[in-house]
Structure formats: structure tokens, C-alpha cells
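Enquirer: According to my numbering, the sequence shown holds residues 9 to 98 in order.
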Amino acid sequence: MASTELSRRVKCLEEDLTAISDTVLDIKETVDRHTETLAEHGRMLVEHGRVLGEHGRVLAGHGSELTAIRETQAQHGEVLAEILRRMDAR
Numbered sequence: 009m010a011s012t013e014l015s016r017r018v019k020c021l022e023e024d025l026t027a028i029s030d031t032v033l034d035i036k037e038t039v040d041r042h043t044e045t046l047a048e049h050g051r052m053l054v055e056h057g058r059v060l061g062e063h064g065r066v067l068a069g070h071g072s073e074l075t076a077i078r079e080t081q082a083q084h085g086e087v088l089a090e091i092l093r094r095m096d097a098r
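1) Taking the continuous alpha helix (DSSP H) assigned at Ala-82, which residues delimit it?
2) Counting only the same chain and skipping the five closest in sequence on each side, list residues whose C-beta sits under 7 Å from that of Glu-73.
3) How long is the line joining the alpha carbons of Arg-94 and Gln-81, rounded to whole angstroms?
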């Protein structure tokens, strides 16, 4: 094989290796960005879980308050019915 042919083939291989190397570096940068994005999403998910738990506790408190309000409302209804009954009896 002639020296010029060998030099041409080496140059082609070098270009191929450079292209492969550049592609691998691009892929690594993309993987690193995706890894950071996934980590950020994980942190957000933990925070959302914490907020969801807090909302659940608040909702449970509201449910208890609603139950108490309904009981008071029922008592007021009974008192009102008694008042009306006594007024009708007069």
C-alpha cells in the first residue's frame, strides 16, 4: 500500500474517531442534564408529597368542623321546632 493511501486511511479513521468522540461527549452532556432534571423532579415530588400531606390534615380538620357545624345546626333546628310548637300551643 502506498504511503499516501495509508495517510488517507489514517486521516479518515482519525475523522471517524473525532466524530465518535464528539457524539459521545454530546450524549454525556445530555445524560448529565437529564440526570439533573430527574433529581430536580425528585425534589419537587418530595415537596409536593409534603404539601399534599399538609392539605390532607387541613381537610380532615375542615371535615371535623363541618361535622360540628351540622350537629349545632341540628340542635338549632330542634330548638326552633320546640319554640314553634310552644307558640302554636298558645
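For glycine and all other residues, C-beta sits at the position ideal for the given N, C-alpha and C. Since we're looking at a predicted model, the values are computed, not measured.
Expert: Here's the rundown:
1) Position 74 of the sequence shown holds residue 82. Where Ala-82 is concerned, the enclosing alpha helix (DSSP H) stretches over 11 to 97.
2) One-based indexing of the sequence shown puts residue 73 at position 65. Closer than 7 Å at the Cβ level, and outside the excluded window around Glu-73, lies no residue.
3) In the sequence shown, counting from the first residue as 1, residue 94 sits at position 86. In the sequence shown, counting from the first residue as 1, residue 81 sits at position 73. The alpha-carbon atoms of Arg-94 and Gln-81 are separated by roughly 20 Å.
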